[in-house]
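Novice: I'd like to ask you about the structure that follows.
Residue numbers (this note's numbering): 12 to 113.
The structure is reproduced here in structure tokens:
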């Protein structure tokens, strides 16, 4: 039987080695919030349109397999190309506020 109290995680830094391990599921939200705060800083520093800071990967049965953390700034085009086609995943990102057209 699979241990569902732990989840595999990985941190994929820009240009550095991937760090990985297992964490208690109860710590996922706290860790996502930490990365969201860092993503806000990256958004302000880079002027990017979006910053992806996390992804949850699910298997075909809808069970969580892994959570990954990032701090990837992206343009609108890059975001649409890399994020929109993803399947069986939940993406965490922050977005630049833009003025409404009209």
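Here a beta-carbon is modelled for each residue, glycine too, at the ideal position from N, C-alpha and C.
Based on the DSSP secondary-structure assignment, which residues constitute the bridge partners of residue 104?
Specialist: The count along the chain shown starts at 1 and reaches residue 104 at position 93. 63.
Novice: In angstroms, rounded to a whole number, what distance separates the CA positions of residue 42 and residue 29?
Specialist: On the chain shown, position 31 is the one that residue 42 refers to. On the chain shown, position 18 is the one that residue 29 refers to. Between residue 42 and residue 29, the C-alpha separation is close to 17 Å.
Novice: Within its chain, find whatever has a CB closer than 6 Å to the CB of residue 22; leave out the 5 residues flanking it on each side and keep chain order.
Specialist: The count along the chain shown starts at 1 and reaches residue 22 at position 11. Closer than 6 Å at Cβ, skipping near neighbours: 30 and 80.
Novice: Check the DSSP bridge columns for residue 83 and list the partner residues they point to.
Specialist: As a position in the chain shown, residue 83 is number 72, starting the count at 1. Per DSSP, 63.
Novice: Does the count of Cβ pairs from the stretch 83-91 and the stretch 33-47 closer than 8 Å reach three?
Specialist: With a cut-off of 8 Å, the stretch 33-47 and the stretch 83-91 do not count as touching, because too few Cβ pairs lie within range.
Novice: Taking 6 Å as the limit between beta carbons, can you name the residues of its chain near residue 63, skipping five residues before and five after?
Specialist: Here residue 63 refers to the residue found at position 52 of the chain shown. Correct list, in chain order: 81, 83 and 104.
Novice: Just the Cα atoms here: how many angstroms apart are residue 101 and residue 27?
Specialist: Counting from one through the chain shown, the residue named residue 101 turns up at place 90. Counting from one through the chain shown, the residue named residue 27 turns up at place 16. Approximately 24 Å, taken between the alpha carbons.
Novice: Answer yes or no: do residue 77 and residue 16 have a C-beta to C-beta separation smaller than 8 Å?
Specialist: The sequence position of residue 77 within the chain shown is 66, counting from 1. The sequence position of residue 16 within the chain shown is 5, counting from 1. Not in contact: residue 77 and residue 16 (Cβ atoms no closer than 8 Å).
Novice: Tell me whether residue 20 sits in a helix, a strand or coil according to DSSP, three-state version.
Specialist: For this step, residue 20 is matched to residue 9 along the chain shown. Three-state DSSP puts residue 20 in a strand.
Novice: What does a CB cutoff of less than 7 Å around residue 109 pick up in its chain, not counting 5 residues either side in sequence?
Specialist: For this step, residue 109 is matched to residue 98 along the chain shown. Counting only Cβ-Cβ distances below 7 Å, and skipping sequence neighbours, we find nothing.
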